[in-house]
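Numbering (the numbering used here), first residue to last: 404 to 680.
Note that the Cβ used here is the ideal one computed from N, Cα and C, for glycine as well.
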Ligand SMILES: [Fe+2]
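Structure representation (structure tokens):
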């Protein structure tokens, strides 16, 4: 039995702070960045076009792997919810996890706005779980936390790993798992790695996933340059890693995908890049 997943990420719905209290130091930097770059890169019309395109496609499950907003402002979350709404009608067909931009403040003020607007697509437990079909199961991780001024990192908690282990052990050896997490585990060969921008515990997390052969697919965003990678294992099938970031940004020269359609077959994972023209 096959199933089709649509994977999008890093939509960066944006708004401008309107009250002085919203302009803490990090948001001032974020706002300058936004004014210069992101508003041009992520016009709202592209987000509307993305929703229309996905609505016209056949799919079983939609994964949004974080950075829904730019500055974690309530107006941004409300706008995102309104624009994405046509895709969110069947809650059990949608998985949404937070990214670092959805937990932007370095001092926690008030409620978690990701949870308020999109928490129903993650759930209340340590990890999100969605059964895709009899063969495939999707797990969502929340590794996003607040950072200081210069940092946009994340951390996979040990409790998240434990909950994932328990979930895998509670299924048959034949069940295959997909993990959705905001941060990448691999990078292009010539990539200039910035440790203040990535998972703090990237290497142990990557090694742990590779040691779990039932995890076949890892979906993420965070770096706005899409790719499909594969990591080999000695005595088990490869791990496929898919980056579907900046799904509604304006196209840049040489870009070949805005997001991915992923077809899960009995043993195979087929990843189709889709360009939003
Ligand atoms: Fe990010």
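Rounded to a whole number of angstroms, what is the C-alpha to C-alpha distance between residue 596 and residue 573?
-> One C-alpha to the other measures close to 36 Å.
Out of 649, 411, 616, point me to the one whose CA is closest to residue 636's CA.
-> Checked all of 649, 411, 616; the closest Cα to residue 636 is 616.
For residue 641, collect the residues of the same chain with a Cβ closer than 6 Å to its Cβ; drop the 5 residues on either side in sequence, then sort them by chain order.
-> The beta carbon of residue 641 lies closer than 6 Å to those of 633, 635 in the same chain, with the five residues before and after it left out.
For residue 555, I'd like the list of residues in its chain whose CB is within less than 6 Å of its CB, leaving aside the five on either flank, ordered along the chain.
-> Taken in chain order, the residues that qualify are 503, 600.
How long is the line joining the alpha carbons of residue 665 and residue 481, rounded to whole angstroms?
-> Residue 665 and residue 481: Cα-Cα distance of roughly 28 Å.
Across which residues does DSSP place residue 621 in a beta bridge pair?
-> Beta-bridge analysis with DSSP links residue 621 to 582, 644.
My guess is that residue 548 and residue 506 are in contact by the Cβ rule of under 8 Å, so how many angstroms apart are they, rounded?
-> That belief holds up - the Cβ atoms of residue 548 and residue 506 are roughly 6 Å apart, short of 8 Å.
Within 6 Å: the Cβ of residue 625 and any heavy atom of ligand 1?
-> Yes, ligand 1 has a heavy atom inside 6 Å of this Cβ.
Endpoints, alpha helix (DSSP H) assigned at residue 607 | It spans 605–613 - the alpha helix (DSSP H) in which residue 607 sits, taken as one unbroken run.
Count the other CB atoms within 10 Å of the CB of residue 501; is the residue buried (16 or more) or exposed (fewer)?
-> Counting Cβ neighbours within 10 Å, residue 501 comes out buried, since at least 16 surround it.
Residue 470: beta carbon under 6 Å from a heavy atom of ligand 1?
-> Under cutoff, so the answer is yes.
Taking the beta strand (DSSP E) that residue 564 falls in, what are its first and last residues?
-> First-last for residue 564: 561–572, but that is the alpha helix (DSSP H), not the beta strand (DSSP E).
Span of the beta strand (DSSP E), counted from its first residue to its last, around residue 542 = Start and end: 539–543.
If you draw a straight line from the alpha carbon of residue 436 to that of residue 593, how long is it in whole angstroms?
-> Straight through space, the alpha carbons of residue 593 and residue 436 are spaced by roughly 25 Å.
Going by alpha carbons, who is nearest to residue 544 out of 537, 625, 586?
-> Of the residues 537, 625, 586, the one whose Cα lies closest to the Cα of residue 544 is 586.
Residue 510 burial status per 10 Å Cβ neighbour count (16 or more: buried) | The predicted model places residue 510 with a pLDDT of 47, which falls under 50 and marks its position as unreliable, so this point remains unresolved.
Going by alpha carbons, who is nearest to residue 673 out of 679, 659, 631?
-> With distances taken between Cα atoms, residue 673 lies closest to 631.
Among residues of its own chain, excluding the 5 on either side of residue 532, which ones have a beta-carbon nearer than 8 Å to its beta-carbon?
-> Hits under 8 Å: 526, 540, 541, 542, 543, 570.
Only counting runs of 4 or more residues, tell me where the alpha helix (DSSP H) segments fall wholly within the stretch 453–533, in order along the chain.
-> Runs found: 477–487, 516–521.
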